[in-house]
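Please read the structure below before turning to the comments.
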Amino acid sequence: MTETISLGGGAFEAYLARPTLATGARPQGAIVLIHEIWGLVPHITGIADRLATEGYLVIAPDILSRIGVRPQIGLELNAIMTSPDERVRTEGQPRLREAFAPMRAPEYAEWAIAALVDCVDFLAEQPGINGRIGVMGFCFGGTYSFALAAADARIRVAVPFYGSPPDLSLVPRITATVRAFYGENDTSLMESLPGVTAAMQSAGIDFSSRVYEGAGHAFFNDTNPIAYREDAATDAWARVLAILGENLAAD
Numbered sequence: 001m002t003e004t005i006s007l008g009g010g011a012f013e014a015y016l017a018r019p020t021l022a023t024g025a026r027p028q029g030a031i032v033l034i035h036e037i038w039g040l041v042p043h044i045t046g047i048a049d050r051l052a053t054e055g056y057l058v059i060a061p062d063i064l065s066r067i068g069v070r071p072q073i074g075l076e077l078n079a080i081m082t083s084p085d086e087r088v089r090t091e092g093q094p095r096l097r098e099a100f101a102p103m104r105a106p107e108y109a110e111w112a113i114a115a116l117v118d119c120v121d122f123l124a125e126q127p128g129i130n131g132r133i134g135v136m137g138f139c140f141g142g143t144y145s146f147a148l149a150a151a152d153a154r155i156r157v158a159v160p161f162y163g164s165p166p167d168l169s170l171v172p173r174i175t176a177t178v179r180a181f182y183g184e185n186d187t188s189l190m191e192s193l194p195g196v197t198a199a200m201q202s203a204g205i206d207f208s209s210r211v212y213e214g215a216g217h218a219f220f221n222d223t224n225p226i227a228y229r230e231d232a233a234t235d236a237w238a239r240v241l242a243i244l245g246e247n248l249a250a251d
């Protein structure tokens, strides 16, 4: 069952996917699912639905509409970025820069993290969850998966896919298990991964990463014909389910 809810005093909406459970059964756990830079588009709600089918209660907040990147606009921007026509991609760059400029403001990051904590608050109140909460995100959402894990100790497991590396000064605040997924051709992330790994190890965090040979950024996104790698995505999904099952199992 799915629905759209308002949180943060009506400041943002979220897609909520509930598992279908037998009478008396509990969800496998709860997950905050954070979208890519394109916003809360069908690719992300589809992942929420897949997780709900596996028994998880999933909330996928729309935290880019606040700066004007509503889902329809996100789809348009994504179409520009993934166009096979180089001219379309080049001519679309000014629109992309203008659309995403506001999210670089520190005030936006502060608001976004507070909104994600609101999502954790909501999940924590749901029947049968009992603190079994994780976060999973892609690209922009991968970055904010690290950030939420640092901001809220209630997060048991964080599963970031690509995205920028976390602020290393915040790493010691993370108490969650962290399992990260990358493509080896995602050059900037590959360059930063050794430093991230060292910081995680130094802080005593249970961290590991999976790097897929021949894959790049957004390899999990099956709506992106340029980046999608079915073999990597299939393997990653199986691993995600195992990770969530291990870390969000009933106490």
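Each step along the sequence shown adds one to the number in full-length UniProt numbering, with nothing skipped, and position 179 is 179. Just so you know, even glycine gets a beta-carbon here, dropped at the ideal spot from N, CA and C.
Quiz item: What's the gap between the Cα of Phe219 and the Cα of Gly142?
Solution: Counting from one through the sequence shown, the residue named residue 219 turns up at place 219. Counting from one through the sequence shown, the residue named residue 142 turns up at place 142. Computed Cα separation, rounded: 13 Å.
Quiz item: Okay, do the region 161-169 and the region 127-142 touch, 3+ Cβ pairs below 8 Å being the bar?
Solution: Inter-segment contact for the region 161-169 and the region 127-142 is present: three or more beta-carbon pairs are separated by less than 8 Å.
Self-check item: Secondary structure, alpha helix (DSSP H): runs of 4+ residues fully inside the region 13-101
Solution: 42-53, 71-81, 86-91 and 93-100
Self-check item: Between the CA atoms of Phe100 and Ala115 - distance to the nearest angstrom
Solution: Taking the first residue of the sequence shown as 1, we reach residue 115 at position 115. Taking the first residue of the sequence shown as 1, we reach residue 100 at position 100. Each residue's alpha carbon lies about 18 Å from the other.
Practice problem: Evaluate Glu36 with the Cβ neighbour count: other Cβ atoms within 10 Å of its Cβ, from every protein chain shown; 16 or more gives buried, anything less gives exposed. | Solution: Your numbering for residue 36 matches position 36 in the sequence shown. Answer is buried; the Cβ neighbour count reaches 16.
Practice problem: Below 6 Å CB to CB, which residues in the same chain sit around Asp49 once its five sequence neighbours on both sides are set aside? | Solution: Here residue 49 refers to the residue found at position 49 of the sequence shown. Around Asp49: Ala17.
Quiz item: Going by Cα to Cα distance, which pick from Thr45, Tyr108 and Pro42 is closest to Ile67?
Solution: Here residue 67 corresponds to residue number 67 of the sequence shown, with the count starting at 1. For the residues Thr45, Tyr108 and Pro42, the minimum Cα distance to Ile67 belongs to Tyr108.
Practice problem: Give the straight-line distance between the Cα atoms of Leu148 and Arg97, rounded to the nearest whole angstrom. | Solution: The sequence position of residue 148 within the sequence shown is 148, counting from 1. The sequence position of residue 97 within the sequence shown is 97, counting from 1. One C-alpha to the other measures close to 25 Å.
Practice problem: Report the option in Ile113, Thr82 and Arg154 whose CA atom is closest to the CA atom of Pro225. | Solution: Here residue 225 corresponds to residue number 225 of the sequence shown, with the count starting at 1. Checking every option, the nearest Cα to that of Pro225 belongs to Thr82.
Quiz prompt | In DSSP terms, what Pro194 is bridged to | solution = Translated into positions along the sequence shown, residue 194 becomes position 194. Answer by DSSP bridge pairing: none, since Pro194 is not bridged.
Self-check item: Sequence ranges, beta strand (DSSP E) only - wholly within the region 107-181, length at least 3
Solution: 133-138 and 155-161
Self-check item: Cβ neighbour criterion (16 or more within 10 Å) applied to Gly204
Solution: Position 204 of the sequence shown, counted from the first residue, corresponds to residue 204. Gly204 should be labelled exposed.
Quiz item: Taking DSSP as the reference, what is the three-state secondary structure of Gly183?
Solution: Here residue 183 refers to the residue found at position 183 when the sequence shown is read from its first residue. In the structure shown, Gly183 sits in a strand (DSSP, three-state: E or B).
Quiz item: For the alpha helix (DSSP H) that Leu241 lies in, which residues bound it at each end?
Solution: Position 241 of the sequence shown, counting from 1, holds the residue named residue 241. From DSSP, the alpha helix (DSSP H) with Leu241 extends over Glu230 to Asn247.
Quiz item: Do you know how far the Cα of Gly39 is from the Cα of Ile73?
Solution: Locating residue 73 in the sequence shown gives position 73, counting from the first residue. Locating residue 39 in the sequence shown gives position 39, counting from the first residue. Computed Cα separation, rounded: 9 Å.
Exercise. Report the option in Ile59, Val32, Leu33 and Ile34 whose CA atom is closest to the CA atom of Met1.
Key: Taking the first residue of the sequence shown as 1, we reach residue 1 at position 1. Nearest option by C-alpha distance: Ile59.
Practice problem: Determine the extent of the beta strand (DSSP E) in which Arg210 is found, giving its start and end residues. | Solution: Here residue 210 refers to the residue found at position 210 when the sequence shown is read from its first residue. Start and end: Phe207 to Tyr212.
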